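A.B. asks: Before I ask anything, let me first share the structure, which is written out below as structure tokens.
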Amino acid sequence: MKFIKSFYLHKRLFIALGINIFLFILGFSFSLWFTVAKVYFISLAALFLTDILLLYRLPNGVEAQRISPQKLSNGDENPIYIEVFNAYKFPVQVQIIDELPYQFQIRDMEINGRLASGTSQTYQYSLRPVKRGEYLFGSINTFVSSPLRLAVRRYQLKQETTLPVYPSFLQMRQYELLAISNRLSELGIKKIRRIGHNMEFEQIKEYVEGDDYRSINWPATARKHAFMVNQFQDERSQQVYALIDKGRVMKMPFEGMTLLDYAINASLVISNVAIRKQDKAGLITFNKKVKTVLPASNRNSQMKQILQTLYKEKTAFKESNFEHLYVQVKRQISQRSLLLLFSNFETLSGMERQLKYLKSLSKSHLLVVIFFKNTELHEVIHSYPKTTEELYLKTIAEKLAFEKRQIVKELQRHGIQSILTAPEELTVNTLNKYLELKARGLI
1 MKFIKSFYLH KRLFIALGIN IFLFILGFSF SLWFTVAKVY FISLAALFLT DILLLYRLPN
61 GVEAQRISPQ KLSNGDENPI YIEVFNAYKF PVQVQIIDEL PYQFQIRDME INGRLASGTS
121 QTYQYSLRPV KRGEYLFGSI NTFVSSPLRL AVRRYQLKQE TTLPVYPSFL QMRQYELLAI
181 SNRLSELGIK KIRRIGHNME FEQIKEYVEG DDYRSINWPA TARKHAFMVN QFQDERSQQV
241 YALIDKGRVM KMPFEGMTLL DYAINASLVI SNVAIRKQDK AGLITFNKKV KTVLPASNRN
301 SQMKQILQTL YKEKTAFKES NFEHLYVQVK RQISQRSLLL LFSNFETLSG MERQLKYLKS
361 LSKSHLLVVI FFKNTELHEV IHSYPKTTEE LYLKTIAEKL AFEKRQIVKE LQRHGIQSIL
421 TAPEELTVNT LNKYLELKAR GLI
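Going by the UniProt record's numbering, the first residue of the sequence shown is number 1, and it counts up by one from there.
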């Protein structure tokens, strides 16, 4: 039974048998071809048995192992490696089918290659998860054929493992590295001119080309007989909170991932950048009730705690209660802070129902309301309608897009900052707003 489960016929054998049948048919009319057909059949049978002996002479002719990270990053391409070793005395053709977690719904993933005798090779593929949680990988199925390629042996190598999918830590590291090397502009982060000197004094240093001449310290210049300038740094220890709406409005998908997960990924990045800039990062999640409150801090373990907290966040996407959010913010946050509220409003009336709570939050804190463009409407809006139905759909799409812009104006009228963004641009736009507010000295 074990042999049957691991034994398959190669498609080349079926082609050879087809040729043999054709020769036997010719043999009905020409006796010479019948003799050729019998010799062909005997030779094919001998080669087939030889192929089986070659493949099954070793108990473990091929070995394989999966090399994967300890955790996967949500919304990103995660590389997975499979290393295969050929212990046979001859080169083999391999077809590798990895048993992927059901969440990916991938049915046609296979890797084909050729391995020389006694060599190993590493194959790579990538996976993009769109939902946080645990992902179970199964066995690695390796189908091996000899140079004769008449029979196929399957090796089912037990490689069961469970990998957690965390919020996008790859994106977080990317922004962190570019922030350290002062290359954030490569990701679309704008360089914002600072207004005035609303910064903390750091040190007096020697003037170098590019320094602001208005910062020259004349008494120090006279003492050192060289131009000296005052160096300033951003005001630090400001509190930055990500308020994440886990309600019904955040269930909408974009490229397979919900708006909630886009908000979670962006919150992770902005929290890390805030801590790198010596600010304090905190977290609040809510829907019907406030679910999580992580006080703002810039201690070394804060990012690890934020990552773990965001990973464990679950929701039934119920209706959100902004009144309860306001009460908890007033109770939990006493110092004036930057509140980045990740939510979504599809209509002006929907926003106006929550406006009184937003206005109350903005009285004590600097509130930024972040909501999403419906990018699927873009194609409809810019299409040329040919039927009455298409004209009707375009009109509705333009009305919805107009209401989004009206929400921005209405929030601005009440002194509330806002960001209307496409999901894929959420992190960049949020980070730009944070840096802008710091440059303007508003936090």
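Ideal placement from N, C-alpha and C gives every residue a C-beta, glycine not left out.
Owing to the predicted nature of the structure, the values given are computational and were not obtained by experimental measurement.
Given that a residue counts as buried once 16 or more other Cβ atoms are within 10 Å of its Cβ, and exposed if not, what is R331?
C.D. replies: In the sequence shown, residue 331 corresponds to position 331, counting from 1. So R331 counts as exposed.
A.B. asks: Taking 6 Å as the limit between beta carbons, can you name the residues of its chain near T122, skipping five residues before and five after?
C.D. replies: Looking up residue 122 in the sequence shown gives position 122. Once the five neighbours on either side are set aside, the close Cβ partners of T122 are Y81, E83.
A.B. asks: With T162 and L136 assumed to form a contact (beta carbons below 8 Å), what rounded beta-carbon distance in angstroms separates them?
C.D. replies: On the sequence shown, residue 162 is found 162 positions in, with the first residue counted as 1. On the sequence shown, residue 136 is found 136 positions in, with the first residue counted as 1. That belief holds up - the Cβ atoms of T162 and L136 are roughly 5 Å apart, short of 8 Å.
A.B. asks: I'd like to know whether the C-beta atoms of L338 and V240 end up nearer to each other than 8 Å.
C.D. replies: Translated into the one-based positions of the sequence shown, residue 338 becomes position 338. Translated into the one-based positions of the sequence shown, residue 240 becomes position 240. Yes, they are a contact pair.
A.B. asks: Taking the alpha helix (DSSP H) that E352 belongs to, which residues open and close that run?
C.D. replies: For the purposes of this step, residue 352 is identified with residue 352 of the sequence shown, where counting begins at 1. Note, E352: alpha helix (DSSP H), 348 to 352.
A.B. asks: According to the Cβ coordinates, are M250 and L243 closer than 8 Å?
C.D. replies: Counting from 1 along the sequence shown, the entry for residue 250 is found at position 250. Counting from 1 along the sequence shown, the entry for residue 243 is found at position 243. Not a contact, by the Cβ cut-off of 8 Å.
A.B. asks: Tell me which residues share the same chain as F34 and place their Cβ nearer than 6 Å to its Cβ, disregarding the 5 neighbours each side in the sequence.
C.D. replies: Position 34 of the sequence shown, counted from the start, is the residue given in the question as residue 34. Cβ within range, chain order: G27.
A.B. asks: State the beta-bridge partners of Q171 as determined by DSSP.
C.D. replies: As a first step, residue 171 is located in the sequence shown; it is residue number 171 there, counting from the start. Answer by DSSP bridge pairing: none, since Q171 is not bridged.
A.B. asks: Run the CB neighbour count on A45, radius 10 Å, all protein chains shown included, and call it buried at 16 or more, exposed below.
C.D. replies: The sequence position of residue 45 within the sequence shown is 45, counting from 1. A45 comes out exposed.
A.B. asks: Using 8 Å as the threshold, is the C-beta distance between P129 and Q159 below it?
C.D. replies: As a working mapping, residue 129 is identified with position 129 in the sequence shown. As a working mapping, residue 159 is identified with position 159 in the sequence shown. Cβ distance not < 8 Å, so P129 and Q159 don't count as in contact.
A.B. asks: Alpha carbon to alpha carbon, what distance is there between V94 and S29?
C.D. replies: Residue 29 sits at position 29 when you count from the first residue of the sequence shown. Residue 94 sits at position 94 when you count from the first residue of the sequence shown. In a straight line, the C-alpha of S29 is about 42 Å away from that of V94.
A.B. asks: Restricting to Cα atoms, I'd like to know which of S301, T285, S349 is closest to S320.
C.D. replies: Within the sequence shown, the letter at position 320 stands for residue 320. Considering only alpha carbons, the answer is T285.
A.B. asks: Determine the direct distance from the alpha carbon of S297 to that of I195, and round the result to whole angstroms.
C.D. replies: Here residue 195 is taken as the residue at index 195 of the sequence shown, counted from 1. Here residue 297 is taken as the residue at index 297 of the sequence shown, counted from 1. Model confidence at I195 stands at a pLDDT of 48, short of 50, so the residue's coordinates are unreliable and nothing is read from them.
A.B. asks: Please tell me whether V269 and Y392 are closer than 8 Å, where the distance is taken between their beta carbons.
C.D. replies: Residue numbering aside, residue 269 sits at position 269 when the sequence shown is read from its first letter. Residue numbering aside, residue 392 sits at position 392 when the sequence shown is read from its first letter. Not a contact, by the Cβ cut-off of 8 Å.
A.B. asks: Counting only the same chain and skipping the five closest in sequence on each side, list residues whose C-beta sits under 8 Å from that of K314.
C.D. replies: Numbered from its first residue, the sequence shown carries residue 314 at position 314. None.
A.B. asks: Could you tell me whether the Cβ atoms of D245 and L170 are closer together than 8 Å?
C.D. replies: Sequence index remark: in the sequence shown, residue 245 carries index 245 (1-based). Sequence index remark: in the sequence shown, residue 170 carries index 170 (1-based). The answer is no: Cβ separation not under 8 Å.
A.B. asks: Determine the burial state of R132: buried for a count of at least 16 other Cβ atoms within 10 Å of its Cβ, exposed for fewer.
C.D. replies: Indexing the sequence shown from 1 puts residue 132 at position 132. Buried: at least 16 other Cβ atoms inside 10 Å.
A.B. asks: Whole angstroms is fine: what's the gap from P79's alpha carbon to N112's?
C.D. replies: Working through the sequence shown from its first residue, we reach residue 79 at position 79. Working through the sequence shown from its first residue, we reach residue 112 at position 112. Spanning the two alpha carbons is a distance of roughly 17 Å.
A.B. asks: Less than 6 Å between C-beta atoms, sequence neighbours within five positions excluded: which residues of the same chain meet that for L367?
C.D. replies: Start at 1 with the first residue of the sequence shown, and residue 367 comes out as number 367. For L367, where only same-chain residues beyond five positions count, the Cβ hits under 6 Å are L339, L361, I416.
A.B. asks: Of the choices R154, F48, S68, whose alpha-carbon is the least far from that of E96?
C.D. replies: For the purposes of this step, residue 96 is identified with residue 96 of the sequence shown, where counting begins at 1. Correcting the residue identity first, residue 96 is Ile in this sequence and not Glu. The option with the nearest alpha carbon to I96 is R154.
A.B. asks: Do S301 and L283 have their C-beta atoms closer together than 8 Å?
C.D. replies: Walking along the sequence shown from the start, residue 301 turns up at place 301. Walking along the sequence shown from the start, residue 283 turns up at place 283. No, Cβ-Cβ distance for S301 and L283 is not below 8 Å.
A.B. asks: Is the beta carbon of L58 sitting closer than 8 Å to the one on P91?
C.D. replies: By 1-based counting over the sequence shown, the position of residue 58 is 58. By 1-based counting over the sequence shown, the position of residue 91 is 91. Not closer than 8 Å, so no.
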